[in-house]
Each structure stands twice: as structure tokens, then as C-alpha cells.
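Asks: Here the sequence shown is numbered in the UniProt record's numbering, starting from 1 and rising by one per residue.
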Amino acid sequence: MLNSQLVSNQYYIYITPEEGLILWNIYNPNPAQCGFVAYFGKVFQFVEKNLKHKGLTFYITMTEMNELPSYGKNVIVVMLGDELCRIPKYVDKVGAIYKCYGTNQIVGCNPLFEPSYLNLVTVIQYVRNLAIRLPWMINYQFKKLKSWLSNTSKIAPIYDIPLGYYNSEDLPIKNIEDRLYDVFFAGSATHEPYPIWSLQYWLRTPKTISREQMILNANRFQEKHPEFKVESSITQAFGATGDSKAANSYSERMMNTKICLAPRGTSFETYRYYEAIKYGCIVITEALPSRWFYDSSPAIKITDWRDLESTLEKLLSNKQLMQEIHQKSLNWWKSKCSEAVVGEYIAKNLNSLIDSR
Numbered sequence: 001m002l003n004s005q006l007v008s009n010q011y012y013i014y015i016t017p018e019e020g021l022i023l024w025n026i027y028n029p030n031p032a033q034c035g036f037v038a039y040f041g042k043v044f045q046f047v048e049k050n051l052k053h054k055g056l057t058f059y060i061t062m063t064e065m066n067e068l069p070s071y072g073k074n075v076i077v078v079m080l081g082d083e084l085c086r087i088p089k090y091v092d093k094v095g096a097i098y099k100c101y102g103t104n105q106i107v108g109c110n111p112l113f114e115p116s117y118l119n120l121v122t123v124i125q126y127v128r129n130l131a132i133r134l135p136w137m138i139n140y141q142f143k144k145l146k147s148w149l150s151n152t153s154k155i156a157p158i159y160d161i162p163l164g165y166y167n168s169e170d171l172p173i174k175n176i177e178d179r180l181y182d183v184f185f186a187g188s189a190t191h192e193p194y195p196i197w198s199l200q201y202w203l204r205t206p207k208t209i210s211r212e213q214m215i216l217n218a219n220r221f222q223e224k225h226p227e228f229k230v231e232s233s234i235t236q237a238f239g240a241t242g243d244s245k246a247a248n249s250y251s252e253r254m255m256n257t258k259i260c261l262a263p264r265g266t267s268f269e270t271y272r273y274y275e276a277i278k279y280g281c282i283v284i285t286e287a288l289p290s291r292w293f294y295d296s297s298p299a300i301k302i303t304d305w306r307d308l309e310s311t312l313e314k315l316l317s318n319k320q321l322m323q324e325i326h327q328k329s330l331n332w333w334k335s336k337c338s339e340a341v342v343g344e345y346i347a348k349n350l351n352s353l354i355d356s357r
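1. Figure out for me which residue from SER168, ARG211, THR152 has the closest Cα to the Cα of SER188.
2. Just to confirm, are ASN331 and LEU51 a CB contact at a threshold of 8 angstroms?
3. Using 8 angstroms as the cut-off, can you tell me whether the stretch 338-355 makes contact with the stretch 160-180, which would need three or more C-beta pairs spanning the two stretches below that distance?
4. For TYR181 and THR311, I'd like the C-alpha separation in whole angstroms.
5. Return helix, strand or coil for ILE354, following the three-state DSSP convention.
6. Please report the straight-line C-alpha distance between LYS93 and LYS301, rounded to a whole angstrom.
7. Quick check: the stretch 197-207 against the stretch 121-128, are there 3 or more CB pairs under 8 angstroms?
8. Counting only runs that start and end within the stretch 109-166, where is the alpha helix (DSSP H) found for 4 or more residues in a row?
9. Is LEU171 helix, strand or coil when you go by DSSP?
10. Alpha carbon to alpha carbon, how far is LYS143 from PRO88? Give it in angstroms, no decimals.
11. Strictly by DSSP, which residues pair up with PHE58?
12. With H, G and I counted as helix, E and B as strand and the rest as coil, what does DSSP make of PHE268?
13. Starting from PHE185, follow its DSSP beta bridges and name the residues at the other end.
14. Pull up the DSSP beta-bridge partners for THR285, would you.
15. Please look up how many angstroms separate the CB atoms of ILE76 and GLN45, rounded, as I've assumed it's under 8 angstroms.
16. Can you tell me whether PRO263 is buried or exposed? The criterion is at least 16 other CB atoms within 10 Å of its CB, across all chains shown.
17. Is the stretch 215-232 close to the stretch 287-301, with three or more CB pairs under 8 angstroms?
18. So what's PHE87 in DSSP terms, helix, strand or just coil?
19. Report back the beta-carbon spacing between VAL230 and VAL183 to the nearest angstrom; my notes put them in contact at under 8 angstroms.
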């Protein structure tokens, strides 16, 4: 563990202007029960280890797009929760921005060649989100044009970073053949309630439809193959509450899982993908965007949950294939998604950026 006295930069959690700043000791893994920063606390420890420069101010926020407590080339923004993939208004007032979920959305399906109600609702959500993103995109392009005309480099670079895990304990890695659960899913099956006048109330959301289909087909597989242990843990809301017992129980089940189902949520990107990869699970997911930490991933992507049964049968009947994907998952975590790799990635880009000024 790195020594906290070596921290040369300031880290703040900044949710909203009303809540104000929370000075964050990055060696405290779960400040104020903020489970969403557990992963990034360790990431920033490696940033400190690899960053050549001092005096930077890091603002870690979920979705604050409009304003920050301060600005300048020494201000680095890390945005963890913007599932709409927007570009902040202050992009010309800070040094760099690191974003989970990136700045580009994917449709993730082909409604023309693979028509289904899920794909229809997915396209509707994509168009709706695009309409929400449009003003931010126009603002960004205007600022880029203004910067080009004035021959200045005021626009901050925006880097993609992985979500990481939400709440995950550091438990031993078990051999895949020794694991208890053949198939495992834990998460909410429905979205937050919408008012009766909203479009989502009547159409339902892609998350709800996708997870209902996944659970239906997982149950069908279990009925057809009672010899396999399929574990479903349906929760009422997203994520562990920050309770260490809940996080440990979830991690223990993930540690004992061979195949983890990682259906989409509001976005195609989910914490569950990383929580499963970390323990070397075989991940079955839906579409994933093209990012440096997803491209060529060992995760198995399916476009229709009706294919789940045949996919599970193919995997569970081939122990050698299971072992190979298990090892690829562990290697992927270590080489693409681990706290050390992401911390080094952030530091490397900042070192290069600051050196070039």
C-alpha cells in the first residue's frame, strides 16, 4: 500500500453544488459510504505513484455538467456516472476530463434485420438520449470552433476510462471447476418507477425488458438442466448499499461463479461486467461500445436472450473452453481494467499533456 503522505495533489468528491465539496483521502476506500468511489480510490493511489507533476486538483463527480468550484489547467475532472455521454460545459475551462461511459452512445442492435420489441424500445431510448445530448454536442463544437479561430488550445482532452466495480472485496481467485454456481445473476429486474404520464411507464425501458427476457430464459435453462446450479438474486435497487457484509456476500458469490450474466442496465455498460471479470468469471453480456478496455474482450456477447440456453449448453459441456475463457478473463482484468492499469493510464496521459504545454 502506498503511503498517504506521498499524495501531492488534492482530490475532492463533488456531487452537486448544493452538497458542496468533500475532501477525499484516497486511502480511505469508502468515504461517507460512497461505494461508487471504492474502485477509483485505488486507481488514484496508482495515479499518485506514476504522476510526475504536483499541485493538481481532481474533482470526482457523477454527473455535474454545468459548473465546478474552480477552474484552470491544473483542474482534472473525473466523471463517473453520465450514462447520457454528454460533454460538460466547462470543457474549455479545465485541464483534462476522464469519463466513464465516454462521449458517444451506441444503438447496440439492428432493428431492421433483427426486429423485436426490445430493439424498438432500445432505438427509441437512443433517439431520446440523442435529443438530450444534442445541445451539449453543439456547445462543444462551438467551443472547438472558437478555439480554432482564436488559435488557442483551450479545449480539454476527454479520455475514456472503465467503470470498474461498484463494491467488491479482495477475495481469493478459485479455480473455475471448484466454483459452486454454474450460472449467476444478481441485480434489479426493473427500473425506477416512472409517473403514469411518462413514455417509459407505457413502453417500459430496455433495461426492464432485457432483464425480464434474460431471467425467463435462465429459468428455462434451469428447468431443462436441473443438474446445473443457476443462482438468481433479484434486488429492489441498484448496487450494494455500502454495507460491508452485503458487499462481501456479493463478492463471495461472484468468487464462486463460473458464468456471470451481465445484462444491460440503463446503459449497455455495467459494473457487473468488471466485478465478474475481476474474479475470472465467464461473462455473458449484450453489446459493448468500442473502447480500449472493451475491444477484443473475452466476454461473450449475445444479441437475443433466447440464445442463452444454447450458449450455456455449449459452455458447460466444454470444460477446456471454460478454463480458457476463465484465464482470459483474469488476464483481461490485469491488463486492461485493474486499478493499477487505469491509474497508470491516467497518469501517463496527464504527464504527456502537461509536458507538452
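All residues carry an ideal CB built from backbone N, CA and C; glycine is no exception.
Replies: This is what the structure gives:
1. ARG211
2. Going by beta carbons, ASN331 and LEU51 fall outside the 8 angstroms limit.
3. yes
4. 16 angstroms
5. helix
6. 39 angstroms
7. yes
8. List check, alpha helix (DSSP H) in window: 117-149.
9. DSSP places LEU171 in coil when its eight states are reduced to three.
10. Straight-line Cα distance between these residues: approximately 11 angstroms.
11. Looking at the DSSP assignment, PHE58 forms a beta bridge with TYR11, ILE76.
12. coil
13. SER232
14. ALA262, LYS301
15. Actually they do not touch by this definition, with Cβ atoms about 15 angstroms apart.
16. PRO263 should be labelled buried.
17. no
18. It is Ile, not Phe, that sits at residue 87 in the sequence shown. It is coil, neither helix nor strand.
19. 4 angstroms
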